[in-house]
Amino acid sequence: MSTHNVWTHKGTFLLAAVGSAVGLGNLWRFPYLTGENGGGAFILIYALTIFAVGIPILIAETMLGRASRRSPIMGMRFLIRTHKTSRAWESIGWLGAAAAFLILSFYSVIAGWAIHYTWQMLTGSLVGADAATIGAGFDALLASPGLLTLYHTLFIIASGLIVGLGIHRGIESGLRIMMPALFVILLVVLGYGIANGDFGAAASFLFTFNLADLSLEGWLQAMGQSFFTLSLGMGAIMAYGAYMSSEASLSRTAFAVAFVDTAVAMVAGLAIFSLVFGAGLDAGAGPGLMFVTLPLAFAEMPFGALIGGVFFILVLGAAISSSISLIEPVAAFLVERFDLTRPQAVFAMVVASWALGLLTVMSFNMWAEASPFHTLFGRSAFDFIELLTNIFMPLGGLLIALFAGWALTHSEAMKEMRTSETWFQVWRFLVRFVAPAAVAFVFLRTIPQVEGYLIPAVGALVIVGAFAAGRTFLAENSQQQ
Ligand code: PHE
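Here the numbering used here is used: the sequence shown runs in plain steps of one and ends on residue 1201.
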């Protein structure tokens, strides 16, 4: 069994984690879910989960990766063996692999839309277009399964090639330039939105909240989004943590990742909603929100075709640096477990995810209104897969928190954290009690209402988790006697 090499530079993990975290989740998913859920209340739950639950779990997940120095599934096996705890904890790895596979399937389809808009911008075909024209163009894109599949295929091949050839670790130098550049263009769009849109309406939409406005599914989506945007609870961060240098600070890195990630989402949200309210567009437009508002700004602003073209290229860069972190944990597992070569492992993962992605493609056209999914689950395949990720990621995070909080001994966890005892206790309290309770609260409150048939499934998973936690607890206590 191989143990990993370690990234020699202390800041490499930070860059890789920011590359994973910042992506379509910030630019596309955050604004669209916020718009669908009426604004402020959604953001409140999202922000609360990032800080009280997300950051502690981010530390915990990195810790498990660094302590095991293996891919998530093999890493959990290793930790289970060395801590004599229940095999059930392996579910952390499996759940993560399942989530990665589901997320990649639709992530690649949406990233494909950015390929389309890169092309549209650079050819200048949208210069001077009005909102109606741009909206119609987007609808035409969605109506074409062939085009969507083409872009989806291109994106997933590019991601697979990067991981398969093992050059993703060389990509960090690119990120060092692309991430700040993306942020600068977002600021330019925000500036344009302030000058020409309705910034006041955007700010009050995003920052005044009334919790009673948030639907139950909105609660689940807000929590799911905070995990999604931090790449949390599915092994991506654990896989990167396996390469993290032992010197780098866990807590400082986690805060930095969460801060950068939230800043990008907020600037994107303010820019997009300034334009939405300024142009009288629909805030609840759904998954197309970013793709109908930003091109409108680029159509009107000076040098818009060029700025827009660069912007969408940077969006693609941010999406690729996230999608490779979805492939990495699964590929590393296949390599470690089945002795596949790296390219073979990546090929297997990517082909399976690509095929599943066709369901998302069809959710926007042939199967938009009626499909076997609508009959079975009352929603499209895309919506159903998103719902599953909103459940899998927090569930994975819950288990990670419990494992790091209860199975790792004080000295082990402290050795990783290397902070003052007070901070350590704060962190441990958060992962032992607060994070699990918060996730359980949202699950219990929402899932029974959202999808009745999911109760038995999630219930069973939670019982397995609780059982595993109980056995660990007993094992730990009996060791101490
Ligand atoms: N965090 C990424 C984004 O916001 C998505 C992602 C989720 C990437 C899970 C890896 C793992 O776009």
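In this text, a Cβ means the ideal position worked out from N, Cα and C, and glycines have one as well. Treat the numbers as computed from the prediction; the structure is a model and nothing was measured.
Checklist entry - Given that a residue counts as buried once 16 or more other Cβ atoms are within 10 Å of its Cβ, and exposed if not, what is SER951? => result By the 10 Å Cβ count, SER951 comes out buried.
Checklist entry - SER1203 and ILE770 look like a contact to me (Cβ under 8 Å); what is the Cβ gap, rounded to whole Å? => result Past the boundaries of the shown model lies residue 1203; the chain is included only from 721 to 1201, so the question cannot be answered.
Next on the checklist: Using only the alpha-carbon positions, how far apart do ALA772 and PHE947 sit?
Outcome noted: Cα to Cα, the separation comes out at about 12 Å.
Checklist entry - Leaving out five residues before and five after PHE1011 in sequence, what residues of the same chain have Cβ atoms less than 6 Å from its Cβ? => result These residues qualify, in order along the chain: TRP833 and PHE858.
Item to check | Proximal residues to LEU753 (C-beta, below 6 Å), its chain only, five neighbours per side dropped | outcome: Closer than 6 Å at the Cβ level, and outside the excluded window around LEU753, lie GLN941 and GLN945.
Item to check | Alpha-carbon to alpha-carbon, LYS804 and PHE919 | outcome: Rounded to the nearest angstrom, the gap between the Cα atoms of PHE919 and LYS804 is 56 Å.
Item to check | Straight-line Cα distance separating LEU934 from LEU926 | outcome: Going by the C-alpha atoms only, they are around 13 Å apart.
Checklist entry - Taking all protein chains shown into account, do 16 or more other C-beta atoms lie within 10 angstroms of the C-beta of ILE1183, making it buried, or fewer, making it exposed? => result The residue is exposed, with fewer than 16 neighbouring Cβ atoms inside 10 Å.
Checklist entry - Regarding ILE823 and the ligand PHE, is the C-beta to nearest heavy atom distance less than 7 Å? => result At a cut-off of 7 Å, the beta-carbon of ILE823 counts as near the ligand PHE: some heavy atom of the ligand is closer than that.
Checklist entry - For HIS836, which residues from the same chain have a beta carbon less than 8 Å from its beta carbon, with the 5 sequence-adjacent residues on both sides left out? => result Sequence-distant partners of HIS836 (beyond 5 residues in either direction) whose C-beta falls short of 8 Å from its own C-beta, in its chain, are LEU861, LEU867 and TYR871.
Checklist entry - Cα separation between ALA1090 and SER864? => result For the pair ALA1090 and SER864, the Cα-to-Cα distance works out to about 17 Å.
Next on the checklist: Does VAL883 come out as helix, strand or coil in the three-state DSSP assignment?
Outcome noted: In this structure, VAL883 counts as helix in the three-state DSSP scheme.
Item to check | Segments assigned beta strand (DSSP E), at least 3 residues, entirely inside the region 915-953 | outcome: Complete beta strand (DSSP E) runs here, min 3: none at all.
Next on the checklist: Measuring straight from C-alpha to C-alpha, what distance separates LEU784 and PHE875?
Outcome noted: Taking the straight line joining both Cα atoms gives about 30 Å.
Checklist entry - For SER722, which residues from the same chain have a beta carbon less than 7 Å from its beta carbon, with the 5 sequence-adjacent residues on both sides left out? => result Bear in mind that a pLDDT of 47 at SER722, under 50, signals an unreliable position, so the number given afterwards is only what the model happens to contain. Result list for SER722: GLU1056, in chain order.
Checklist entry - Contact between the region 1000-1016 and the region 750-765: three or more CB pairs below 8 Å? => result Taking 8 Å as the limit for Cβ pairs, the verdict is that the region 750-765 does touch the region 1000-1016.
Checklist entry - What do you get for GLU892, buried or exposed, if any count of 16 or more other CB atoms within 10 angstroms of its CB means buried? => result Burial call: buried.
Next on the checklist: Nearer than 7 Å: is that true of the beta carbon of PRO741 relative to any heavy atom of the ligand PHE?
Outcome noted: It is Ala, not Pro, that sits at residue 741 in the sequence shown. Answer for ALA741: yes, Cβ within range of the ligand PHE.
Next on the checklist: Counting C-beta neighbours from all protein chains within 10 Å, is the total for HIS1130 16 or more, i.e. buried, or is it exposed?
Outcome noted: With a 10 Å radius around the Cβ and a threshold of 16 neighbouring Cβ atoms, HIS1130 comes out exposed.
Checklist entry - Contact check, ARG790 vs ALA1051 under 8 Å by CB: the rounded distance? => result The pair is not a contact, with the Cβ atoms about 13 Å apart (cut-off 8 Å).
Checklist entry - In chain order, what residues of the same chain lie with their CB nearer than 6 Å to the CB of GLY759, ignoring the 5 residues before and after it? => result Correct list, in chain order: PHE925 and LEU926.
Checklist entry - Which of helix, strand or coil does DSSP assign to GLU1132? => result Secondary structure of GLU1132 (DSSP, three-state): helix.
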